[in-house]
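To keep things clear, I will list the structure first and then write my remarks on it.
Numbering (the working numbering), first residue to last: 581 to 674.
Structure follows, in structure tokens:
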């Protein structure tokens with residue numbers, strides 16, 4: 581698969597980019613070089629490689645929930661600029 585100059589012009593038009601003729605040639609060459617490099621991956625033997633979403637194993641980092649005393653509302657709201665009963669009062673945001 582190769583990228584043509586026409587493909588680059590089409591994508592530039594869709595992205596509303598104004599490219600010079602030099603830039604179009606440069607991007608065509610760069611994109612084709614990227615595709616050529618990616619084609620090398622097709623040559624690798626991946627028969628014994630397990631499919632994976634991550635390179636490293638992922639563990640759950642959450643701690644177990646434990647019931648304990650909560651913070652007293654008076655202490656929690658002690659430095660609040662404004663409050664209404666046991667709640668922080670903040671400006672309405674639309």
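In this text, a Cβ means the ideal position worked out from N, Cα and C, and glycines have one as well.
Looking at residue i: is its Cβ nearer than 8 angstroms to the Cβ of residue j?
{"i": "residue 593", "j": "residue 615", "result": "no"}
{"i": "residue 604", "j": "residue 585", "result": "yes"}
Going by Cα to Cα distance, which pick from the options is closest to residue i?
{"i": "residue 652", "options": "630, 667, 596 and 645", "result": "667"}
{"i": "residue 665", "options": "603, 657 and 632", "result": "657"}
Please work out which residues of its chain come closer than 6 angstroms, Cβ to Cβ, to residue i, disregarding the five sequence neighbours upstream and downstream, and give them in chain order.
{"i": "residue 607", "result": "588"}
{"i": "residue 591", "result": "none"}
Give every residue of the same chain whose Cβ lies closer than 8 angstroms to the Cβ of residue i, excluding the five residues on either side of it in the sequence, and list them in chain order.
{"i": "residue 612", "result": "582 and 583"}
Give the C-beta separation of residue i and residue j to the nearest angstrom, bearing in mind that I take them to be a contact with Cβ-Cβ under 8 angstroms.
{"i": "residue 663", "j": "residue 669", "result": "5 angstroms"}
If we define contact as Cβ-Cβ less than 8 angstroms, is residue i a contact residue for chain B?
{"i": "residue 647", "result": "Looking for chain B here will not work: only one protein chain is present."}
Taking only runs that begin and end inside the segment 595–649, name each unbroken alpha helix (DSSP H) of 4 or more residues, in chain order.
Segments of the alpha helix (DSSP H) lying fully in the segment 595–649: 601–619.
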